[in-house]
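Pasting the structure below:
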């Protein structure tokens, strides 16, 4: 990496766009930390996105980066549902605390509310946005759950029937569910002075 960085033109480095840079195995191998140790020598804009509060381990290095943004993925506030969908990831409470800790250190943060689990009710959105606002973040990025090949079959096989029923209705029948959800979130973000973005 050190050799590659010397040759590269300046551009945003995403850590990481395909897989989480703070998976449990990172505690042992510290590969993300080793990368950050190299990156602090350069002026590349860095965008870190994760589902893990392990990112706080590297706060000493992240705070040295000249142009950095850290995002935590939080697709629901219901930790029981999170356990079904993301069993190895940090709890929702730990992720919220991580955003707060990063924000308190003056690091630019965002919350990626995506893919938003379709169990959230429209009348729950105000509480959701308020909780996100209290983390100190200034940006909320939203995205819907996309049913790529094999995804629905996997959900149907592994989730409880009552949740499958909600998913079926809102993902397969109610095509306007996410538009209504995100429009309300957008309005509330304006009230809370949060930047709102749709991922795609």
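Residue numbers (our numbering): 6 to 205.
From the three backbone atoms N, C-alpha and C, an ideal C-beta is built for every residue, glycine too.
When you compare the CB positions of residue 190 and residue 145, do they come within less than 9 Å of one another, or not? Stepping through the chain shown from its first residue, residue 190 is reached at position 185. Stepping through the chain shown from its first residue, residue 145 is reached at position 140. Contact: yes.
Taking the alpha-carbon positions, what's the residue 104 to residue 134 distance? The residue you call residue 104 lines up with position 99 of the chain shown. The residue you call residue 134 lines up with position 129 of the chain shown. Taking the straight line joining both Cα atoms gives about 14 Å.
Span of the alpha helix (DSSP H) around residue 188: Translated into the one-based positions of the chain shown, residue 188 becomes position 183. 182–196 is the span of the alpha helix (DSSP H), which, as asked, contains residue 188.
What span of residues does the beta strand (DSSP E) with residue 161 cover, start to end? Counted from its first residue, the chain shown places residue 161 at position 156. Here residue 161 belongs to no beta strand (DSSP E); instead the alpha helix (DSSP H) covers 156–163.
Beta carbon of residue 100 nearer than 9 Å to that of residue 62: Locating residue 100 in the chain shown gives position 95, where the first residue counts as 1. Locating residue 62 in the chain shown gives position 57, where the first residue counts as 1. Cβ atoms of residue 100 and residue 62: not closer than 9 Å.
What are the start and end residues of each continuous alpha helix (DSSP H) run of 4 or more residues lying completely inside the stretch 74–105, in chain order? 84–90
C-alpha gap between residue 69 and residue 48, whole angstroms: Taking the chain shown and counting its residues from 1, the one referred to as residue 69 is at position 64. Taking the chain shown and counting its residues from 1, the one referred to as residue 48 is at position 43. Near 11 Å, if we compare the C-alpha coordinates of residue 48 and residue 69.
Per-residue DSSP class, three states only, for residue 52: On the chain shown, position 47 is the one that residue 52 refers to. Reduced to three states, the DSSP call for residue 52 is strand.
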